[in-house]
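Visitor:
Protein chains: 4
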Amino acid sequence: MQTFALLGAGFIGRVHAENLAAQPNVDFARVFDVDASRAAEIADRYDAAATDDVDAVFTDPAIDAVLIASSTNTHADLLKRAAAAGKAVFCEKPIDLSLEVARDAAAAARAAGIPVMMDFNRRYDAAYAAVHDAVQSGEVGQVELVSMTTRGPSLPPIAYLEVSGGQMRDQTVHFFDLLRWITGLEPVEVYVAGAALADPAVAEVGDVDTSVAVLRLVNGALVQIDSQRRIGYGYDERIEVNGSVRMVEAARHRTGFVNHYGPGELRTNGLDAGWFERIRGTYRKSLDAFVDALERSAPMPAPLDDGLRAQVIAEAATQSLRTHQPVAIPEGL
Amino acid sequence: MQTFALLGAGFIGRVHAENLAAQPNVDFARVFDVDASRAAEIADRYDAAATDDVDAVFTDPAIDAVLIASSTNTHADLLKRAAAAGKAVFCEKPIDLSLEVARDAAAAARAAGIPVMMDFNRRYDAAYAAVHDAVQSGEVGQVELVSMTTRGPSLPPIAYLEVSGGQMRDQTVHFFDLLRWITGLEPVEVYVAGAALADPAVAEVGDVDTSVAVLRLVNGALVQIDSQRRIGYGYDERIEVNGSVRMVEAARHRTGFVNHYGPGELRTNGLDAGWFERIRGTYRKSLDAFVDALERSAPMPAPLDDGLRAQVIAEAATQSLRTHQPVAIPEGL
Amino acid sequence: MQTFALLGAGFIGRVHAENLAAQPNVDFARVFDVDASRAAEIADRYDAAATDDVDAVFTDPAIDAVLIASSTNTHADLLKRAAAAGKAVFCEKPIDLSLEVARDAAAAARAAGIPVMMDFNRRYDAAYAAVHDAVQSGEVGQVELVSMTTRGPSLPPIAYLEVSGGQMRDQTVHFFDLLRWITGLEPVEVYVAGAALADPAVAEVGDVDTSVAVLRLVNGALVQIDSQRRIGYGYDERIEVNGSVRMVEAARHRTGFVNHYGPGELRTNGLDAGWFERIRGTYRKSLDAFVDALERSAPMPAPLDDGLRAQVIAEAATQSLRTHQPVAIPEGL
Amino acid sequence: MQTFALLGAGFIGRVHAENLAAQPNVDFARVFDVDASRAAEIADRYDAAATDDVDAVFTDPAIDAVLIASSTNTHADLLKRAAAAGKAVFCEKPIDLSLEVARDAAAAARAAGIPVMMDFNRRYDAAYAAVHDAVQSGEVGQVELVSMTTRGPSLPPIAYLEVSGGQMRDQTVHFFDLLRWITGLEPVEVYVAGAALADPAVAEVGDVDTSVAVLRLVNGALVQIDSQRRIGYGYDERIEVNGSVRMVEAARHRTGFVNHYGPGELRTNGLDAGWFERIRGTYRKSLDAFVDALERSAPMPAPLDDGLRAQVIAEAATQSLRTHQPVAIPEGL
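Chains as they are written, first to last, in the UniProt record's numbering: chain A, 1 to 333; chain B, 1 to 333; chain C, 1 to 333; chain D, 1 to 333.
Below is the structure:
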């Protein structure tokens with residue numbers, strides 16, 4: 001049994017709270033939020049103790065693990081505190097928008113030897129896991145071309161985009177991680193073309209809402225990732241891995257199987273409305289994997305360094321977007 | 001807020017218990033089972049009180065509603081007790097395998113004026129609801145041909161079949177209800193051909209495991225329902241309604257969207273493993289509809305008489321199976 | 001090389017003419033039609049000789065084979081003339097609407113020992129052939145339930161229905177043949193429910209436009225065949241064979257792969273407009289099989305007796321429709 | 001009626017010959033090939049006159065139009081001869097591998113005022129035409145992201161690759177044309193990453209077999225085109241156009257609708273075996289459009305300048321592949 005504190009009681013914090021409460025090997029003991037009333041609301045619901053004093057969490061010897069679900073700019077600091085306090089960490093992405101700050105926090109965690117897992121929950125999507133397994137089993141042969149799509153239904157608020165770090169660091173980064181995980185291959189170069197098509201305000205804050213990234217993997221294979229912030233037909237993400245002998249794909253996720261037939265036409269279910277509908281089931285599975293690894297003192301399934309590595313790639317991609325040139329991705333962290 | 005007692009703590013009772021505990025307008029107060037330890041297990045989990053004395057439930061003035069999820073042969077008796085005690089009832093199918101006994105219990109409930117809803121949960125399946133809505137909206141025009149399929153992955157134990165009432169009363173009956181609900185039309189005649197193909201023991205207990213039922217609706221339309229107990233490719237149920245101008249279908253429910261491409265071949269996800277995987281989500285929605293109707297003192301969405309009517313059709317179907325002749329379905333209850 | 005005469009220059013005759021002209025092992029020499037101008041039109045196009053005198057065809061020693069594509073009521077007579085003249089025959093269905101007349105003509109052909117192939121061209125549809133092969137290979141295990149659908153886009157003229165022999169003999173009969181061919185099993189009993197829903201005039205000429213046939217095969221398996229003359233969503237035919245271990249189907253045939261995605265909705269290609277679009281490719285393959293068998297002096301792929309047997313089943317189905325009772329299908333021809 | 005000479009009697013010449021013979025408004029009079037026996041074989045089959053002297057074609061006043069289907073390095077010369085002789089031209093792609101030579105021949109044709117149509121036959125694929133129509137109708141809104149895939153089943157002979165001009169000029173060029181035609185927008189910049197993964201010999205002749213091209217259109221939209229010479233799962237080409245309000249796609253073209261269901265798995269038809277199976281139907285439609293335009297003295301549907309423009313883009317793409325830099329695409333021809 002692992003005793004948990006949840007750090008952050010916003011939207012994604014509530015998702016994690018429900019999962020912590022239902023996880024059989026978790027004692028969901030504490031909830032922290034800078035907004036005391038938000039913390040209290042969750043704590044009441046799940047019989048946990050609320051606090052707006054994060055020190056109370058880290059000094060509590062009963063706490064085994066913290067789940068960092070607070071705003072992005074607090075992740076690195078909380079990670080360092082957890083390192084100092086010797087608590088295990090389940091951490092929402094990213095570690096920090098600044099690669100330097102992220103590296104510094106990661107070094108602290110590494111030095112302290114605490115178990116840290118990044119919540120790369122898409123790895124727990126049944127379809128992506130099936131693609132991973134097929135590629136790793138050798139079913140497709142040598143990987144030659146990977147195609148990834150990530151498209152959301154609406155532009156986030158411009159105020160959010162301004163502090164998001166840009167499309168590569170905020171949206172495409174999830175697929176940089178999936179790419180490494182599925183293929184087991186490191187990307188060595190990236191070129192990104194981007195455009196602000198949904199709203200001129202996106203360009204004014206120095207970002208893009210539509211982009212195509214082309215990467216080259218260490219084995220010579222090519223990768224294309226298209227990212228869009230606002231599309232008109234729902235939420236669309238998919239992955240296709242074509243190898244030297246076969247191809248496997250996690251195709252678009254339709255919401256049902258109701259078919260309306262008319263003259264010359266079939267009308268059927270479209271896609272999920274948004275990212276949460278598409279991947280909500282993965283949060284619980286990701287948490288389960290963390291708890292299971294803690295219980296078995298096993299290596300972390302999505303270790304902190306994977307989070308750092310995805311950020312290194314996003315950094316090079318952002319540079320390509322700015323310089324309009326292909327950029328070599330440095331090795332290591 | 002409605003205070004509930006759960007009657008029956010077996011497999012389906014546990015499903016209902018989880019839903020009762022999570023329903024915001026339900027106070028889940030009591031659990032009854034003839035096996036005290038089974039009752040206690042659920043009660044402990046959800047902070048309810050356990051009992052193996054059903055009178056304790058019916059004499060408790062705090063209880064507003066009972067959820068009958070005990071073994072089939074106890075439904076009618078519990079329904080009559082609820083009528084006598086003035087409790088609302090959410091009742092698993094069927095009322096009783098004997099149409100006479102079912103009619104008697106229904107009469108008592110009717111006389112007492114208690115709200116009773118049959119748990120015809122498939123009506124709350126998103127796909128079937130979409131077919132219902134399309135047909136009721138007039139999208140398909142006049143209904144002309146309805147095709148229904150219900151196929152399970154494995155033969156139930158022969159001991160179960162022996163007391164099940166036979167395939168029409170036990171399996172096909174759900175689709176007799178869906179047929180009436182989706183089309184809003186009464187069937188007037190039925191012919192059933194059946195066979196015991198999966199195991200000779202099925203025939204020995206006087207039952208069939210494979211059947212095709214043909215019904216004629218009051219407007220002249222035709223219906224075909226195929227029912228199989230044991231198929232080799234998972235769990236398959238679907239409904240197709242073809243009208244004078246268009247067609248709508250709830251197609252097979254595949255479990256995912258992972259595609260493996262090889263030379264001349266695409267391999268992809270198959271069907272659900274069993275009925276529970278296919279319709280588990282509908283139990284909660286069905287319960288929600290009951291609670292909502294209670295809260296609003298509104299008419300019951302799937303009233304007791306619909307349960308009785310489905311049994312009347314199943315009775316005629318069983319007779320056709322035995323006599324090898326088309327059988328007229330009597331009007332009314 | 002086989003020298004052919006085409007008998008009948010109507011719509012289906014023109015289809016056969018194009019195939020005869022393109023078949024490398026056929027010398028397309030003569031065209032007969034009672035309407036000399038229709039015969040001449042085809043003859044001119046393909047450098048054949050036209051005639052409205054059928055004797056000129058049968059007395060021509062150069063003719064090896066005749067293709068009977070004239071109106072149904074002439075088939076039996078032409079077949080007998082071919083038997084007398086010793087010509088091979090490729091014969092459109094049916095032999096005759098009267099089973100007695102058909103038997104008589106078949107007896108003559110049999111006595112003369114001429115090669116006769118029925119144009120059961122659906123056997124040459126790639127999808128149905130794949131289902132046949134899967135079933136015959138044992139892939140599905142023992143056949144347990146066969147589902148067939150045959151639905152056309154519009155009601156034929158009432159004048160045609162009046163002389164068509166009724167829906168069983170005219171439409172469903174093709175699937176009686178496919179059923180025997182795919183499963184290799186004889187049906188032993190049939191029950192048919194029918195209705196005239198598209199037009200009251202259908203009932204006035206003693207026919208139905210919508211029907212469900214239930215058959216029992218000699219191994220105990222069940223079969224359901226739904227037939228509709230007029231549906232609103234194009235042309236729909238499909239076959240599904242469920243066995244003791246797996247299932248195989250020839251699903252609906254959509255016309256393309258263009259997808260239009262909008263909010264919550266996918267709009268895509270519907271079905272073929274009519275039967276000709278669906279199966280046009282099969283006529284040539286059927287002819288090829290006949291020519292190939294002639295060239296190799298091999299047994300006929302779809303022998304005359306298969307035509308007779310399908311009619312025997314259609315006869316019993318028609319009787320069931322009239323008597324409203326299940327009817328035993330006699331063995332043999 | 002247009003009198004045609006076919007120039008070139010190889011594989012694609014035979015395809016054109018069959019279509020010329022079947023086209024009702026074409027008199028298929030002459031066949032030229034440097035190999036007299038190849039010309040004679042086609043001429044015999046379709047009652048045309050064979051020659052290995054191309055002057056005999058151009059000096060024949062009866063010839064209205066020539067169909068250039070000879071080897072690529074002869075196209076430009078034949079086009080100039082046709083210009084000099086005043087014959088209409090239906091021309092296989094490309095005009096010439098050298099953009100300079102192509103420009104020169106195009107100038108001659110332009111000066112002579114002869115009607116010239118490039119055989120951009122993919123424009124006549126029903127799926128691509130539907131995508132074109134949807135985009136041009138405004139259905140998708142403003143074009144924002146176009147995704148195109150072109151993947152063949154096997155590496156062409158290295159000897160062919162050596163003279164092919166490289167993957168951009170030989171394979172991807174068809175999609176440069178489709179891109180312009182479907183969107184009605186000019187590309188202004190291109191970046192291409194390529195790799196030789198199928199065979200090291202591809203790199204030795206200075207070519208790639210796998211590539212991703214990223215283009216920017218004049219309205220700011222982005223385009224990704226992946227091209228592969230050798231994949232393991234058949235022939236795969238598709239196009240997707242995502243606009244500001246909806247998305248439309250010509251999806252993978254599967255070869256049938258036969259489904260095999262087993263436990264947890266559905267096995268179904270894969271893709272076409274090769275490019276010819278996928279687009280064979282388009283050659284006739286493309287020819288029909290040319291003949292129709294000639295008959296009506298209407299503008300050419302795919303004029304010579306479109307062929308030149310696709311080559312201009314391929315030239316820039318080839319330069320990007322070599323320089324490893326994004327390259328601006330010059331305006332005009």
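Ideal Cβ positions, reconstructed from N, Cα and C, are used throughout, including at glycine.
Comparing the C-beta of GLY152/D with each C-beta of chain B, is any distance below 7 Å?
Guide: With 7 Å as the cut-off, GLY152/D does not count as an interface residue toward chain B.
Visitor: Determine, using beta carbons only, whether ARG252/D comes closer than 7 Å to chain A.
Guide: Judged by the 7 Å Cβ criterion, ARG252/D is not in contact with chain A.
Visitor: For chain A, is any of its Cβ atoms less than 7 Å away from the one on LEU266/C?
Guide: Taking Cβ atoms only, chain A reaches closer than 7 Å to LEU266/C, which makes this a yes.
Visitor: Among all the DSSP beta bridges, which residues are the ones paired with THR268/A?
Guide: Bridge partners of THR268/A: LEU266/C.
Visitor: Specify the secondary structure class of GLU277/D as computed by DSSP and reduced to three states.
Guide: In this structure, GLU277/D counts as helix in the three-state DSSP scheme.
Visitor: What residue ranges within the region 49-77 of chain B form continuous alpha helix (DSSP H) runs of no fewer than 4 residues, ordered along the chain?
Guide: With a minimum length of 4 residues, the continuous alpha helix (DSSP H) runs that stay inside the region 49-77 of chain B are 54-58.
Visitor: Determine the closest residue to TYR283/C out of VAL218/C, GLU331/C, TYR124/C, ARG252/C, with distance taken between C-alpha atoms.
Guide: Ranking VAL218/C, GLU331/C, TYR124/C, ARG252/C by Cα distance to TYR283/C puts TYR124/C first.
Visitor: Excluding five sequence neighbours on each side, which residues of the same chain lie with their C-beta closer than 7 Å to the C-beta of TRP275/B?
Guide: Here the set comprises GLY152, TYR235.
Visitor: Residues of chain A with CB under 8 Å from TYR261/B, in chain order?
Guide: Neighbours of TYR261/B on chain A, chain order: ARG246, MET247, VAL248, GLU249.
Visitor: If we define contact as Cβ-Cβ less than 7 Å, is ALA126/A a contact residue for chain B?
Guide: Taking Cβ atoms only, chain B reaches closer than 7 Å to ALA126/A, which makes this a yes.
Visitor: With DSSP run on the structure shown, which of helix, strand or coil describes VAL176/D?
Guide: The question names Val, yet the displayed sequence has Phe at residue 176/D. Helix.
Visitor: Are three or more beta carbon pairs between the region 291-306 of chain D and the region 194-207 of chain D nearer than 8 Å?
Guide: Contact fails: fewer than three Cβ-Cβ distances are below 8 Å.
Visitor: Would you mind reading off the limits of the beta strand (DSSP E) that contains ASN19/B?
Guide: That residue, ASN19/B, is in no beta strand (DSSP E); its alpha helix (DSSP H) goes 11-22.
Visitor: Pick from MET118/D, ASP27/D, HIS324/D, ILE329/D: whose alpha carbon is nearest that of ASP96/D?
Guide: If we check each option's Cα against that of ASP96/D, MET118/D comes out closest.
Visitor: Tell me the DSSP secondary structure of residue 398/B in three-state form.
Guide: In the structure as shown, chain B starts at 1 and stops at 333, and residue 398/B therefore has no counterpart that could be examined.
Visitor: Please list, in chain order, all residues of the same chain as LEU333/B whose beta carbon is under 8 Å from its beta carbon, the five residues on each side excluded.
Guide: Excluding sequence neighbours, LEU333/B sits near ARG103, ALA106, ASP305, LEU308, ARG309, VAL312.
Visitor: Less than 7 Å separating the beta-carbons of ILE68/D and GLU92/D?
Guide: Yes.
Visitor: Measuring alpha carbon to alpha carbon, tell me which residue in ALA56/B, VAL146/B, LEU161/B, GLU189/B is nearest ALA317/B.
Guide: Residue GLU189/B is the option with its Cα nearest to ALA317/B.
Visitor: Does the distance from the C-beta atom of PHE290/D to that of PHE4/D stay below 7 Å?
Guide: Cβ distance not < 7 Å, so PHE290/D and PHE4/D don't count as in contact.
Visitor: Is PHE290/A helix, strand or coil by DSSP?
Guide: The answer is helix: DSSP assigns PHE290/A an H, G or I state.
Visitor: With C-beta atoms as the reference, is GLU154/C less than 7 Å away from ARG230/C?
Guide: According to the sequence provided, residue 154/C is Ser. The question's Glu does not apply to it. In this structure, ARG230/C lies closer than 7 Å to SER154/C by Cβ.
Visitor: In three-state terms, what does DSSP make of TYR191/D?
Guide: Looking at TYR191/D - three-state DSSP - the assignment turns out to be strand.
Visitor: Taking the C-alpha atoms as reference points, what is the distance between ARG81/D and TYR160/C?
Guide: Approximately 60 Å, taken between the alpha carbons.
Visitor: Kindly indicate which three-state DSSP category THR282/B falls into: helix, strand or coil?
Guide: Note: THR282/B maps to helix in three-state DSSP.
Visitor: Apart from the five residues just before and just after ALA84/C, which ones in its own chain have a Cβ nearer than 8 Å to its Cβ?
Guide: Here the set comprises PHE58, ALA108, ALA112.
Visitor: Going by C-alpha distance, which of SER71/D, LEU20/D, ASP60/D is nearest ASP47/D?
Guide: The shortest C-alpha separation from ASP47/D is found at LEU20/D.
Visitor: Using the C-alpha atoms, what's the distance from THR72/D back to ASP27/D?
Guide: C-alpha separation (whole angstroms): 25 Å.
Visitor: If we ignore side chains and look at the alpha-carbon of each, how far apart do ILE114/C and ALA314/C end up?
Guide: ILE114/C and ALA314/C: Cα-Cα distance of roughly 26 Å.
Visitor: Beta-carbon of TYR235/C versus every beta-carbon of chain B: anything under 7 Å?
Guide: By this cut-off, TYR235/C is not an interface position.
Visitor: Going by beta-carbon coordinates alone, are ILE329/D and PRO187/D separated by less than 7 Å?
Guide: It is a contact, given that the beta carbons lie within the stated cut-off.
Visitor: Considering only the alpha carbon of each residue, which of ASP60/D, GLY10/D, ASN25/D lies closest to ALA40/D?
Guide: Closest option to ALA40/D, Cα to Cα, is GLY10/D.
Visitor: Is there at least one Cβ from chain D nearer than 7 Å to GLY256/B's Cβ?
Guide: No, because no Cβ of chain D sits closer than 7 Å to the Cβ of GLY256/B.
Visitor: Could you spell out where the beta strand (DSSP E) holding ALA5/C opens and where it closes?
Guide: Per DSSP, ALA5/C belongs to the beta strand (DSSP E) from 2-7.
Visitor: Are the beta-carbon atoms belonging to GLY166/B and ASP133/B less than 7 Å from one another?
Guide: Contact: no.
Visitor: Cβ of ILE182/A versus every heavy atom of the ligand SAH: is any distance shorter than 6 Å?
Guide: This structure lacks the ligand SAH; in fact it carries no ligand of any kind.
Visitor: Taking all protein chains shown into account, decide if GLN171/A is buried (16 or more other Cβ within 10 angstroms of its Cβ) or exposed.
Guide: Per the 10 Å Cβ criterion, buried.
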